[in-house]
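In what follows, a single structure is set out as structure tokens and then discussed.
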Amino acid sequence: MVRDRTCPRCKTTSYRNPSMKLMINVCGHSLCESCVNLQYARGQAPCYECALNLKKSGFRIQLFDDPMVDREVHLRKKVLKIYNRRMQDFSSEYDFNNYLEQIEDIIIGLMGNKQWALDTMEKYKRDNQNDIKRNSAKQQWALTAIFTFDKERATVNEQIHLEKQNIEDAKLKLARAEQENKLQRLRQEQALLHKLEAGEDISSIIKFKEKIINREDTIETATVSFTANEEKKTESYIYEPIVFANDGLDVPSSDVLFRTGYTGA
1 MVRDRTCPRC KTTSYRNPSM KLMINVCGHS LCESCVNLQY ARGQAPCYEC
51 ALNLKKSGFR IQLFDDPMVD REVHLRKKVL KIYNRRMQDF SSEYDFNNYL
101 EQIEDIIIGL MGNKQWALDT MEKYKRDNQN DIKRNSAKQQ WALTAIFTFD
151 KERATVNEQI HLEKQNIEDA KLKLARAEQE NKLQRLRQEQ ALLHKLEAGE
201 DISSIIKFKE KIINREDTIE TATVSFTANE EKKTESYIYE PIVFANDGLD
251 VPSSDVLFRT GYTGA
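Numbering-wise (UniProt numbering), the sequence shown opens with residue 1 and increments by one.
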């Protein structure tokens with residue numbers, strides 16, 4: 001059950017004002033948008049609860065019902081942008097686990113407004129600027145690669161879907177052609193029976209039967225050609241070696257060498 005949000009300053013609820021937006025700052029105390037615009041009209045003022053000096057530009061939309069959850073999520077994102085090393089950057093899993101515990105200690109300290117947590121994070125940021133930038137670039141490259149892969153996979157899936165649809169359409173067309181062929185054959189057999197019952201000349205009946213057989217052969221040939229057109233066949237690759245004419249001039253024969261004086265008698 002979703003509970004109504006209430007502004008702790010003006011006591012306005014989302015039930016009475018559905019368009020109300022709660023906003024939150026670094027201290028974790030929320031205010032509605034109207035109270036923020038009123039109390040921070042000059043751009044800077046103390047928090048109404050903890051008296052921490054806040055800027056109007058630091059307020060953001062509150063996403064969760066509990067403002068502390070919203071604050072923790074925001075702080076965690078901020079810390080992980082600085083502490084962005086991965087397990088492959090450590091020599092052992094033990095060192096990586098210690099690194100993760102250090103991150104959690106800093107997040108807990110920031111949640112309690114501890115100055116040592118802020119100082120530790122700022123010092124780490126100053127001492128590891130190059131590593132932070134390099135790891136951030138790696139993460140951005142990985143996200144781009146994942147996005148490109150997902151896009152290519154979506155394109156391949158779409159092509160597969162189109163091929164399956166074409167196959168289903170071809171099967172449907174073939175089934176319709178076979179059904180039409182059966183109906184045509186049934187009508188022709190009925191017409192032949194009528195001729196026999198009417199006592200027509202046997203030679204005309206034989207000619208009519210031959211016409212039916214020829215027509216069936218024509219229909220079967222058309223059906224085969226139809227199915228052949230539906231299948232796209234590609235020729236097998238045939239290797240042809242490349243011949244380079246790099247052997248120079250032709251070697252003169254022994255008679256030519258003798259006539260030109262290069263060899264003796």
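The beta-carbon is built from N, C-alpha and C at its ideal position, and this holds for glycine as well. Predicted model only: the values in this text are computed from it and were never measured.
- Separation of Ala-198 and Leu-186 (C-alpha to C-alpha, rounded to the nearest whole angstrom) is 18 Å.
- Around the C-beta of Ser-30, 16 or more other C-beta atoms lie within 10 Å, and the residue is accordingly described as buried.
- Membership of Pro-67 in the alpha helix (DSSP H) is indicated by the continuous run 67 to 82.
- Taken atom to atom, the span from the alpha-carbon of Tyr-83 to that of Asp-105 is near 12 Å.
- Between Met-20 and Val-36, the CB-CB gap reaches or exceeds 7 Å.
- Pairing Leu-75 with Lys-151, the inter-Cα distance amounts to about 32 Å.
- Linking Val-69 to Ile-160 through their CA atoms gives a straight-line distance of about 44 Å.
- When secondary structure is reduced to three states using DSSP, Arg-60 falls in the strand class.
- For Met-87, there is no enclosing alpha helix (DSSP H), since its DSSP letter is neither H nor E.
- In the DSSP assignment, Ala-45 is bridged to Leu-54.
- Taking Ser-57 as reference, the option from Thr-6, Thr-148 and Asn-25 with the minimal CA-CA separation is Asn-25.
- By a beta-carbon distance limit of 8 Å, Gln-44 contacts Lys-55. Their separation comes to about 5 Å.
- The alpha-carbon separation between Glu-163 and Gln-188 amounts to approximately 37 Å.
- In the DSSP assignment, Thr-6 is bridged to Thr-13.
- Of the residues assessed, Phe-147 falls on the exposed side of the cut-off, its CB having fewer than 16 other CB atoms within 10 angstroms.
- Apart from the 5 residues on each side of it in sequence, Gly-109 sits with its Cβ closer than 6 Å to the Cβ of Ala-117 in its chain, given in chain order.
- The distance from the Cβ of Cys-10 to that of Cys-27 is about 18 Å, inconsistent with a contact at the 8 Å cut-off.
- Secondary structure note for Ile-24: its beta strand (DSSP E) is the uninterrupted segment 22 to 24.
- Under DSSP, Leu-31 forms a beta bridge with Met-23.
- Fully enclosed beta strand (DSSP E) runs of no fewer than 3 residues are not present anywhere in the stretch 127 to 191.
- Within the same chain, and ignoring the five residues on either side of Gln-62 in sequence, the residues whose Cβ sits closer than 7 Å to its Cβ are Leu-22, Met-23, Ile-24, Ser-30 and Asp-70.
- Within its own chain, the residues whose Cβ lies closer than 8 Å to the Cβ of Thr-6, once the five positions on either side in sequence are excluded, are Thr-12, Thr-13 and Ser-14, listed in chain order.
- Counting the other CB atoms within 10 Å of its CB gives Phe-64 a total below 16, which places it among the exposed residues.
- For the pair Asn-128 and Asn-53, the Cα-to-Cα distance works out to about 30 Å.
- Taking the Cα positions, Gln-139 is about 21 Å away from Asp-95.
- Less than 7 Å separates the beta-carbon of Val-79 from that of Ile-107.
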